[in-house]
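In what follows, a single structure is set out as structure tokens and then discussed.
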Amino acid sequence: MVYDYLIIGAGLAGLNAARLIPKHKKVLIICKKSPWECNTFYAQGGVATALNEADIPVHINDTLIAGVHHNNVKAVEILSRNSRACIDDLIKEGLEFDLNAQDKLAFTKEAAHSIPRILHADGDATGRMMHVFLLEKCHHPIITDAVVNDLLIQDGICYGAKYYDSETSEKVVYANNVIIASGGIGSIYKYHTNSPAVAGELQGICLEKNIELKDMEMMQFHPTVFKGTSYARKPLLSEALRGEGAYVVDEDNKRFLFDYHKDGELAPRDVVSRSIFDYNEKTNKQIYLSFESFDKEFFQKRFPNIYANLHELGYELPFERVPISPAFHYAMGGIKIDLNSKVVSFKNLYAIGEVSCSGLHGANRLASNSLLEGLVFSKIAIEDSLKNNFKISQKKYTKNVKFYVRNKDIDKKIKNNLRKIMWESASISRNKTDLSKSLQLIDNYLTYDLGRLLFLRLLTAKSILESALKREKSLGAHYIKEN
Ligand code: SIN
220 MVYDYLIIGA
230 GLAGLNAARL
240 IPKHKKVLII
250 CKKSPWECNT
260 FYAQGGVATA
270 LNEADIPVHI
280 NDTLIAGVHH
290 NNVKAVEILS
300 RNSRACIDDL
310 IKEGLEFDLN
320 AQDKLAFTKE
330 AAHSIPRILH
340 ADGDATGRMM
350 HVFLLEKCHH
360 PIITDAVVND
370 LLIQDGICYG
380 AKYYDSETSE
390 KVVYANNVII
400 ASGGIGSIYK
410 YHTNSPAVAG
420 ELQGICLEKN
430 IELKDMEMMQ
440 FHPTVFKGTS
450 YARKPLLSEA
460 LRGEGAYVVD
470 EDNKRFLFDY
480 HKDGELAPRD
490 VVSRSIFDYN
500 EKTNKQIYLS
510 FESFDKEFFQ
520 KRFPNIYANL
530 HELGYELPFE
540 RVPISPAFHY
550 AMGGIKIDLN
560 SKVVSFKNLY
570 AIGEVSCSGL
580 HGANRLASNS
590 LLEGLVFSKI
600 AIEDSLKNNF
610 KISQKKYTKN
620 VKFYVRNKDI
630 DKKIKNNLRK
640 IMWESASISR
650 NKTDLSKSLQ
660 LIDNYLTYDL
670 GRLLFLRLLT
680 AKSILESALK
690 REKSLGAHYI
700 KEN
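Have a look at this one:
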């Protein structure tokens, strides 16, 4: 059987694409674990939108400033011009964003936005609410625990994908259009805010097939994650907290961020992360997020999930400050796409959301532009594919379908080393010596007889290191500090 669409990934981008495909089409969505294991589910702060026509140039400008003008301006324009219509469409379909006292949409402010233009839902559970809404709207089958290990590619056409449906068995799916929406790379870093399922395998498959990745050195670190848990995935303390008055202090309650940037806590994310990292390195002082400017009742209502999570971890907000650190958060780089969300030089292969790179985010993503990107570029992918109406002929795919061993005993140790290597070298602050050493280690690991999934992760990590070594000067999230 040939599906009309195969969608790889069930986060916001994949599910919104599925929502927009006409009902009579045959669509299959596959995701690596449960649908909840995606970064959308963990997104707290919100979704940005240009408020109106007058705000479009301002939103564009904020995105370009945060991205240090490394952005693809056309992609930024597309994002901003389509933002309000995409949001209004979801509202029309029944998604409820939080309202203010006048029963109007409540827009908040986050770092590096000139004005409040971020919508949120259930206070600080925006991603989760959008995800639940899109899952409810999804009328197509979703196969869970389906781990993609190959794309069927021949002559600029993607015929489908191959996935593990258990430890030892594989399945092949053929489709007229394949949409990659599998998310970023968080789990190849030791500390991150991502779903543990997000580990960059699809990017690795692309590298193996000579499909170009773009801006892979551009990895974003969120400035404020809670430091006190032992898991790799760190609880996020949303940017919206700082947008509404939380501030960063050292153990002596000094607000040191103004020593680094005139906007202090509200400087672009790369600047805030780097400043916290640098200050901690220089002074060895513990860094905290302080909530003392908040009223308790307001805090509990506006940030109910953060309040409850931190309460469970033993903190009474807003009265107590909590220890923080930056952690890996978001990949600006990914599979290179054109302005139709199509993977460059392919007829029927699309990439959307965090796995893709149109150049929209430049060298540093503006807060809350990622959920918006998922909405806008998934819509564009569906419009383009419906217009092209491309059909594969399954018989024309003549390559052998290869079996790969999923995991090997040796993988676990190397996986952990990989996370450490990436955290220590392709990090908030980088230097050529460490990047080169890490690249050598990874090249060496790639000569081992490894499981398929680790092999793909290593390819993705390698491309981050290579891109970081190629860019000799600091730019946005890519910060070079020579020894
Ligand atoms: C946050 O709530 O701080 C995350 C929002 C984002 O990454 O855009």
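Counting from 1 along the sequence shown, just add 219 to a position and that's the residue number in my numbering.
Cβ atoms here follow ideal geometry from the backbone N, Cα and C, with glycine treated the same way.
These figures come from a predicted structure and were not determined experimentally.
Under the three-state DSSP convention, the category residue i falls into
i: D497; result: helix
i: C377; result: strand
i: R676; result: helix
i: K656; result: helix
i: K433; result: strand
i: Q321; result: coil
i: A687; result: helix
i: M438; result: strand
i: F352; result: helix
i: N163; result: Nothing can be reported for residue 163, as the shown portion of the chain is limited to 220 through 702.
i: D341; result: coil
i: D364; result: coil
Residue span of the alpha helix (DSSP H) that contains residue i, given as start and end
i: Y526; result: P523 to E531
i: H358; result: Unbroken run through H358: none, as it is neither H nor E.
i: K293; result: V292 to E312
i: I424; result: E420 to E427
Per DSSP, the bridge partner or partners of residue i
i: I699; result: R649
i: D668; result: Answer is none; D668 lacks a bridge partner.
i: H411; result: R452 and F547
i: I703; result: The structure shown does not extend to residue 703, since the chain spans only 220 to 702, so no value can be given for it.
i: F316; result: Bridge partners of F316: none, in fact.
i: D369; result: K381
i: L536; result: In the DSSP output, where bridge partners are listed per residue, L536 has none listed.
Limits of the beta strand (DSSP E) - the one that residue i falls within
i: E389; result: E389 to I399
i: N239; result: Per the sequence presented here, residue 239 reads as Leu, with Asn not at that position. Counting along the chain, L239 falls outside any beta strand (DSSP E), though it belongs to the alpha helix (DSSP H) covering L231 to L239.
i: G228; result: Counting along the chain, G228 falls outside any beta strand (DSSP E), and DSSP gives it neither H nor E.
i: G553; result: G553 to K555
i: L247; result: V246 to I249
Kindly confirm or deny that the segment 454-465 and the segment 502-513 touch, where touching means at least three C-beta pairs closer than 8 angstroms. yes
Is there contact between the segment 447-455 and the segment 242-257, where contact requires at least three CB pairs shorter than 8 angstroms? no
Does the structure place the segment 679-686 close enough to the segment 635-648 that three or more beta carbon pairs sit under 8 angstroms? The segment 635-648 makes contact with the segment 679-686; the number of CB pairs closer than 8 angstroms reaches 3 or more.
Minimum length 4: unbroken alpha helix (DSSP H) runs contained in the segment 563-638: 588-607
Can you list, in chain order, the stretches of the alpha helix (DSSP H) that have 4 or more residues and sit fully within the segment 254-297? 258-261 and 275-285
Any 3 or more C-beta pairs closer than 8 angstroms across the segment 566-585 and the segment 393-404: yes
Runs of alpha helix (DSSP H) lying entirely within the segment 448-519, each at least 4 residues, in chain order: 458-462 and 488-502
Any contact between the segment 366-376 and the segment 333-345? By contact I mean 3 or more CB pairs, one from each, below 8 angstroms. In this structure the segment 366-376 does not lie against the segment 333-345, because fewer than three pairs of beta carbons, one per stretch, are closer than 8 angstroms.
Is the segment 263-276 touching the segment 580-588, taking contact as three or more C-beta pairs under 8 angstroms? yes
Any 3 or more C-beta pairs closer than 8 angstroms across the segment 403-413 and the segment 541-548: In short, these stretches touch, since the Cβ pair count reaches three.
Could you check whether the segment 655-666 touches the segment 556-573, counting it as contact only if at least three pairs of C-beta atoms, one from each stretch, sit closer than 8 angstroms? no
Given 8 angstroms, three or more beta-carbon pairs between the segment 265-282 and the segment 419-431: no
Should the segment 376-393 be regarded as contacting the segment 604-618, the criterion being three or more beta carbon pairs within less than 8 angstroms? Yes: at least three Cβ pairs fall under 8 angstroms.
Does the segment 305-316 come into contact with the segment 338-350, if we say contact requires no fewer than three beta-carbon pairs (one atom in each stretch) closer than 8 angstroms? yes
Report yes or no: do the segment 372-383 and the segment 616-635 share at least 3 C-beta pairs separated by less than 8 angstroms? At 8 angstroms Cβ cutoff, the stretches touch.
The segment 529-536 touching the segment 341-358, judged by at least three CB pairs closer than 8 angstroms: no
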